[in-house]
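The next block holds one structure in the form of structure tokens; read it before the comments.
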Amino acid sequence: MTDGVEYAEHADEPRTHVTLRLIAQDPAVSGDDGRILTARVKVPWSRMEDGPRGARLHVVDYDTATGRYVKHAPLGKDDLFADADDEVLRTDLAFHAQHVYATAARTLSTFETALGRRLPWGFGSHQLYLVPHAFAEANAYYSFEDRALLFGYVPPADPRGEAVFTCLSHDVVVHETTHAVLDGLRRRFLEPSLPDQAAFHEGFADIVALLSVFSMRPVIEQALGKPDRSGRIPRGRIQPDALRKSMLARVAEQIGSVLTQGRGALRESALNPPPADWAKRPEFVEPHRRGEVLVAIAFDLLIEIWYRRLQALFSRPNGETAGGRGITVDRARAAEEGAKAASQLLHMLIRGLDYLPPVEFDFGDLLNAVLLADNELVPDDDLGYRQLLMAGFAKAGIQRSSDRVTDVLEAELAPHYLGINFAGLRSDRDEVFRFLWQNARRLDVSTDYYTVIESVLPTQRIGPDGLIVPESVATYVQMADMTAREFTDESGLQLSPAIDPRTPIQLFGGGTLIFDQFGRLKLHIHKRLDDWRRQQKRLDHLERTGRRDSSARLGFSDGFARGQTFAELHRTQQDSGETW
Amino acid sequence: MSTPIRVRVRMYQVGFGDCFLVSVEYDAPLPDGRDTRHILIDFGTSHSPREGMARGRMGDVAALIEEHTGGELDVLVVTHRHRDHLRGFEVDAGAAIMKRLAPKLVVRSWTEDPELSETANGPAAAPDETAGVSRASARYAALLAEAQEQVAGLATLVGLDDEVRAAAEDQLKNAEAVALLNELSRDGRGRYLHAGMDSGLADVVPGLEATVLGPPTVDQDPRVARQREEDPEYWLTALGASLRVVGSAAQADARSPITHGPGPVRWLIDRLANQRSRSAARLVRDLDDALNNTSVILLLKVGGVSLLFSGDAQIENWRHTLDQLGDDADLRDRLAKIDLYKVGHHGSRNATPRSLHALWKARAADLPRLAAVMSTRQGVHGRNDNAVPQQHLVAALREVADLYSTDDLDGGEEYLELVADAARGPFRIVPPPA
Numbered sequence: 006m007t008d009g010v011e012y013a014e015h016a017d018e019p020r021t022h023v024t025l026r027l028i029a030q031d032p033a034v035s036g037d038d039g040r041i042l043t044a045r046v047k048v049p050w051s052r053m054e055d056g057p058r059g060a061r062l063h064v065v066d067y068d069t070a071t072g073r074y075v076k077h078a079p080l081g082k083d084d085l086f087a088d089a090d091d092e093v094l095r096t097d098l099a100f101h102a103q104h105v106y107a108t109a110a111r112t113l114s115t116f117e118t119a120l121g122r123r124l125p126w127g128f129g130s131h132q133l134y135l136v137p138h139a140f141a142e143a144n145a146y147y148s149f150e151d152r153a154l155l156f157g158y159v160p161p162a163d164p165r166g167e168a169v170f171t172c173l174s175h176d177v178v179v180h181e182t183t184h185a186v187l188d189g190l191r192r193r194f195l196e197p198s199l200p201d202q203a204a205f206h207e208g209f210a211d212i213v214a215l216l217s218v219f220s221m222r223p224v225i226e227q228a229l230g231k232p233d234r235s236g237r238i239p240r241g242r243i244q245p246d247a248l249r250k251s252m253l254a255r256v257a258e259q260i261g262s263v264l265t266q267g268r269g270a271l272r273e274s275a276l277n278p279p280p281a282d283w284a285k286r287p288e289f290v291e292p293h294r295r296g297e298v299l300v301a302i303a304f305d306l307l308i309e310i311w312y313r314r315l316q317a318l319f320s321r322p323n324g325e326t327a328g329g330r331g332i333t334v335d336r337a338r339a340a341e342e343g344a345k346a347a348s349q350l351l352h353m354l355i356r357g358l359d360y361l362p363p364v365e366f367d368f369g370d371l372l373n374a375v376l377l378a379d380n381e382l383v384p385d386d387d388l389g390y391r392q393l394l395m396a397g398f399a400k401a402g403i404q405r406s407s408d409r410v411t412d413v414l415e416a417e418l419a420p421h422y423l424g425i426n427f428a429g430l431r432s433d434r435d436e437v438f439r440f441l442w443q444n445a446r447r448l449d450v451s452t453d454y455y456t457v458i459e460s461v462l463p464t465q466r467i468g469p470d471g472l473i474v475p476e477s478v479a480t481y482v483q484m485a486d487m488t489a490r491e492f493t494d495e496s497g498l499q500l501s502p503a504i505d506p507r508t509p510i511q512l513f514g515g516g517t518l519i520f521d522q523f524g525r526l527k528l529h530i531h532k533r534l535d536d537w538r539r540q541q542k543r544l545d546h547l548e549r550t551g552r553r554d555s556s557a558r559l560g561f562s563d564g565f566a567r568g569q570t571f572a573e574l575h576r577t578q579q580d581s582g583e584t585w
Numbered sequence: 015m016s017t018p019i020r021v022r023v024r025m026y027q028v029g030f031g032d033c034f035l036v037s038v039e040y041d042a043p044l045p046d047g048r049d050t051r052h053i054l055i056d057f058g059t060s061h062s063p064r065e066g067m068a069r070g071r072m073g074d075v076a077a078l079i080e081e082h083t084g085g086e087l088d089v090l091v092v093t094h095r096h097r098d099h100l101r102g103f104e105v106d107a108g109a110a111i112m113k114r115l116a117p118k119l120v121v122r123s124w125t126e127d128p129e130l131s132e133t134a135n136g137p138a139a140a141p142d143e144t145a146g147v148s149r150a151s152a153r154y155a156a157l158l159a160e161a162q163e164q165v166a167g168l169a170t171l172v173g174l175d176d177e178v179r180a181a182a183e184d185q186l187k188n189a190e191a192v193a194l195l196n197e198l199s200r201d202g203r204g205r206y207l208h209a210g211m212d213s214g215l216a217d218v219v220p221g222l223e224a225t226v227l228g229p230p231t232v233d234q235d236p237r238v239a240r241q242r243e244e245d246p247e248y249w250l251t252a253l254g255a256s257l258r259v260v261g262s263a264a265q266a267d268a269r270s271p272i273t274h275g276p277g278p279v280r281w282l283i284d285r286l287a288n289q290r291s292r293s294a295a296r297l298v299r300d301l302d303d304a305l306n307n308t309s310v311i312l313l314l315k316v317g318g319v320s321l322l323f324s325g326d327a328q329i330e331n332w333r334h335t336l337d338q339l340g341d342d343a344d345l346r347d348r349l350a351k352i353d354l355y356k357v358g359h360h361g362s363r364n365a366t367p368r369s370l371h372a373l374w375k376a377r378a379a380d381l382p383r384l385a386a387v388m389s390t391r392q393g394v395h396g397r398n399d400n401a402v403p404q405q406h407l408v409a410a411l412r413e414v415a416d417l418y419s420t421d422d423l424d425g426g427e428e429y430l431e432l433v434a435d436a437a438r439g440p441f442r443i444v445p446p447p448a
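Quick note, the sequences are listed as chains Y and U, same order.
Using this note's numbering, the first residue of the first sequence is number 6, and each one after it goes up by one.
Using this note's numbering, the first residue of the second sequence is number 15, and each one after it goes up by one.
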């Protein structure tokens with residue numbers, strides 16, 4: 006007989022997290038002891054079945070090239086590979102399954118923590134399949150249709166050799182998981198558009214991968230170099246320039262080395278910051294290359310933030326002030342600050358995602374969104390991160406987009422809420438549409454075009470002061486189908502002569518509405534459909550790059566299955582800008 | 015002394031494929047009594063012409079070539095070993111005629127040197143140097159051949175898309191054709207070119223200057239093999255290994271039937287069958303790219319006219335030349351002023367460098383208009399942004415050139431003929447007899 010509630014759990018079942026050993030970068034990277042560099046990390050856990058299969062992720066170890074299928078045991082409380090030697094890590098398929106599950110789970114959880122809610126996948130199902138040995142090919146991608154992340158492997162050249170597995174590369178798994186998460190957040194970002202949009206998918210996935218690697222302390226410790234007997238390293242090693250150099254050489258350079266095609270992006274971008282005139286160069290139309298611009302900005306920011314965080318370690322009681330020769334710093338502490346910096350920056354960037362417009366992304370939108378979101382959550386900004394962010398983007402020539410955000414609370418004509426159910430604004434698409442309809446004039450939203458509320462998502466984020474910031478984020482999309490001739494009539498602008506006036510075209514617009522906890526609209530982030538100059542640029546770009554669909558229409562879905570878009574993207578080489 | 019007075023280019027109707035006869039005509043007979051020299055560039059097809067157009071059977075095309083050359087061929091250039099460039103050599107009638115024509119010089123890519131491929135089965139067996147080609151390059155050629163071997167397995171695969179199988183067939187070793195070419199190349203008649211080499215064409219065709227712009231060897235430009243710096247063979251060995259796994263699993267029919275009740279796992283595994291085809295298609299396309307990049311790129315100059323034939327060379331092959339454009343004003347000038355361009359790789363998206371197009375766009379107004387020739391049957395390969403020819407490339411070419419395509423020959427013509435005054439050009443179409 007028990008009194009009251011029974012709290013007993015199955016003895017062998019964890020509750021919310023398990024600690025698992027992961028390969029920190031990829032199997033080619035070894036630590037001080039000459040063994041594969043690994044890290045023990047806390048990984049979200051849910052009730053498990055064979056696969057392993059949890060609430061959000063389902064590993065199906067099926068190899069399409071050979072027809073082999075292996076079912077692995079569920080992940081439990083004890084890490085079966087906690088002390089496994091390198092050969093086991095490299096070759097044991099069960100470890101591969103654990104690695105891909107744990108890495109994807111950790112990535113999803115990073116997004117959910119930063120955004121303060123569960124995140125849906127872009128497809129209509131709750132569990133994302135992870136296929137660790139999907140095909141014998143140096144490729145890995147998110148396949149929307151299969152609801153899966155597919156990881157390939159490169160078989161050994163001769164029978165004595167070992168295969169190279171993309172599922173063992175931390176950054177590859179994080180990168181692909183990020184694609185799946187982004188698709189769930191902003192599904193229109195796969196529509197044919199200006200080059201920034203595809204670049205964002207690639208660049209952001211790389212940023213998450215890079216910062217995720219950095220958020221594991223052992224990786225940074227290794228990169229900081231060997232410590233003395235008391236675990237300390239010379240102060241000179243953690244000056245910004247030295248950090249930049251050592252992190253580039255030891256971390257960024259090794260990332261992405263599993264795949265030759267397309268996935269060298271991280272390394273390339275960190276090693277070669279984009280030239281000042283990147284926006285004008287044809288090779289920067291290619292998504293990976295263009296995405297590198299974002300990665301380079303993020304990497305610089307990481308170093309800056311880290312360095313600011315390190316300041317606290319520099320002055321010693323009764324000792325010389327920072328900067329003197331012979332001064333040392335505890336390596337583990339310095340690495341910890343680096344891991345924190347990476348984690349902070351990552352959260353800051355992810356928080357911005359909710360403040361992005363739902364369509365027609367451009368780089369300025371990201372800066373804008375991150376600043377807005379950060380301002381809501383961290384009004385003080387003691388460490389000056391927002392200044393850093395603006396400076397970083399400005400250095401790459403990216404400006405905040407100025408005319409797209411309305412601070413509704415400050416607006417002269419406030420929206421009215423007559424007949425609106427405030428609770429509905431936090432959950433009900435039809436209620437939000439009703440609100441938009443009522444306030445169309447005040448919000449400057451044209452009702453001439455087909456309009457649909459795509460999502461209404463409540464969020465709860467915890468600020469650094471420990472207080473909760475509840476918000477609700479709704480997105481709407483506007484669409485118009487017309488002919489090229491109708492476009493020129495409507496806009497008064499000329500399209501490229503290569504576009505026949507009879508060509509059917511599709512235009513997108515839309516916005517993001519941020520409501521406060523009472524259902525009052527705070528912000529309206531808007532991409533007008535009738536921004537004709539943007540539409541003209543988009544159509545000309547699509548024509549120039551041959552992005553017509555199977556019926557020769559422009560701006561509609563591009564004819565590729567969505568999954569195959571990524572399959573192809575991840576094979577593209579560093580484009581020289583010479584292709585048509 | 016005989017001086018070239020005319021250059022004639024015949025583009026044969028083969029459907030999808032390349033087959034060009036370049037004839038140089040002189041004002042007086044040469045020492046052998048003939049007043050013309052003939053260069054055949056490629057002799058292939060992968061898809062016959064569309065219905066209602068000329069038959070385009072390679073035997074018939076060969077007969078035409080025999081007639082146009084008067085039974086003697088001076089130079090045979092086979093840009094690379096894809097079916098749409100050498101299929102004719104496999105057809106009995108075509109082979110017989112080619113033997114009769116007995117080309118005096120047979121030009122192919124350095125990767126085709128039979129000595130190289132016979133001895134280059136592995137790094138240990140590869141010679142240090144074969145005709146200026148180092149061990150790394152020899153290994154590259156051998157890996158290409160191995161990958162083709164593996165693709166042969168794919169062509170017979172059960173459960174693959176017909177499209178993938180067809181694509182795999184295009185990558186076959188075309189052993190018969192290559193054997194015939196090896197035979198035609200015997201007794202020192204074969205020449206295996208890489209960038210910067212003397213082509214040997216001038217010895218057979220007086221007054222012709224030929225510059226070999228590609229392909230580079232791996233030593234000249236590692237990017238042609240798309241390799242990682244630290245692992246010179248990674249990509250091609252990986253490709254070969256992948257193809258072996260995909261091919262052997264199917265040949266042995268090794269897949270065990272999976273017994274799964276209805277449920278999420280079966281749903282996924284059923285769907286992944288598509289991915290298997292797509293993965294195979296990507297592997298095949300990788301090999302396709304690699305072979306295309308072995309294409310010989312020739313810049314020919316006769317008197318005052320020049321012609322650019324680039325086979326199916328893609329950007330990776332072209333880069334070696336493009337990188338020189340910045341410093342080499344002479345080369346830039348020569349490429350800008352060409353009179354005839356054989357549209358690279360049937361008008362695909364990555365074979366006509368934008369830099370080249372930009373040069374043509376900036377041509378002086380007083381230069382004669384460029385002629386572009388293309389023998390690509392439309393609707394055969396690719397869709398939308400992968401289709402050949404790329405419509406926006408075609409549109410861009412029309413801006414700078416008169417574009418002639420065999421696919422437009424709707425009167426049943428068997429070939430299309432352009433002719434230029436060797437002193438100054440330009441190339442003009444020869445109207446068919448009324």
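Here a beta-carbon is modelled for each residue, glycine too, at the ideal position from N, C-alpha and C.
Are the CB atoms of residue i and residue j nearer to each other than 9 Å?
{"i": "residue 107 of chain Y", "j": "residue 27 of chain Y", "result": "yes"}
{"i": "residue 433 of chain U", "j": "residue 388 of chain U", "result": "no"}
{"i": "residue 406 of chain U", "j": "residue 582 of chain Y", "result": "no"}
{"i": "residue 280 of chain U", "j": "residue 572 of chain Y", "result": "no"}
{"i": "residue 307 of chain Y", "j": "residue 216 of chain Y", "result": "yes"}
{"i": "residue 23 of chain U", "j": "residue 35 of chain U", "result": "yes"}
Name the chain U residues whose beta carbon is nearer than 9 Å to that of residue i?
{"i": "residue 549 of chain Y", "result": "406"}
{"i": "residue 572 of chain Y", "result": "289, 292, 293, 296"}
Mind listing the chain U neighbours of residue i? Cutoff is C-beta to C-beta under 8 Å, in chain order.
{"i": "residue 414 of chain Y", "result": "In chain order: nothing, as chain U lies at least about 45 Å away."}
Mind pulling the chain Y residues with CB within less than 8 Å of residue i?
{"i": "residue 289 of chain U", "result": "69, 139, 140, 148, 151, 155"}
According to DSSP, is residue i part of a helix, a strand, or is it coil?
{"i": "residue 41 of chain U", "result": "coil"}
{"i": "residue 275 of chain U", "result": "coil"}
{"i": "residue 238 of chain U", "result": "helix"}
{"i": "residue 349 of chain U", "result": "helix"}
{"i": "residue 465 of chain Y", "result": "strand"}
{"i": "residue 604 of chain Y", "result": "Lying outside 6 to 585, the shown extent of chain Y, residue 604 of chain Y is not represented and no answer is given."}
{"i": "residue 203 of chain U", "result": "coil"}
{"i": "residue 259 of chain U", "result": "helix"}
Evaluate residue i with the Cβ neighbour count: other Cβ atoms within 10 Å of its Cβ, from every protein chain shown; 16 or more gives buried, anything less gives exposed.
{"i": "residue 455 of chain Y", "result": "exposed"}
{"i": "residue 132 of chain U", "result": "Interpretation of residue 132 of chain U is limited by its pLDDT of 47, a score under 50 that renders its predicted location unreliable; no figure is taken from the coordinates."}
{"i": "residue 465 of chain Y", "result": "exposed"}
{"i": "residue 442 of chain Y", "result": "exposed"}
Tell me whether residue i, by its Cβ, gets closer than 8 Å to a heavy atom of the ligand HEM.
{"i": "residue 234 of chain U", "result": "As far as ligands go, the structure on display features none, and thus does not contain the ligand HEM."}
Strictly below 7 Å CB to CB, what residues from chain Y border residue i?
{"i": "residue 369 of chain U", "result": "583"}
{"i": "residue 279 of chain U", "result": "65"}
Listing by chain order, which chain Y residues have their CB less than 9 Å from the CB of residue i?
{"i": "residue 282 of chain U", "result": "63, 65, 67, 134, 136, 151, 152, 153"}
For this session: Entirely within the segment 37 to 118 of chain Y and at least 4 residues each: give me those alpha helix (DSSP H) ranges in chain order.
Result: 91 to 96
Problem set entry | beta strand (DSSP E) runs contained entirely in the segment 294 to 375 of chain Y, provided each spans 3 or more residues | 333 to 335
For this session: Could you tell me which uninterrupted beta strand (DSSP E) segments, each at least 3 residues in length, are contained entirely in the segment 368 to 392 of chain U, listed from first to last along the chain?
Result: 384 to 388
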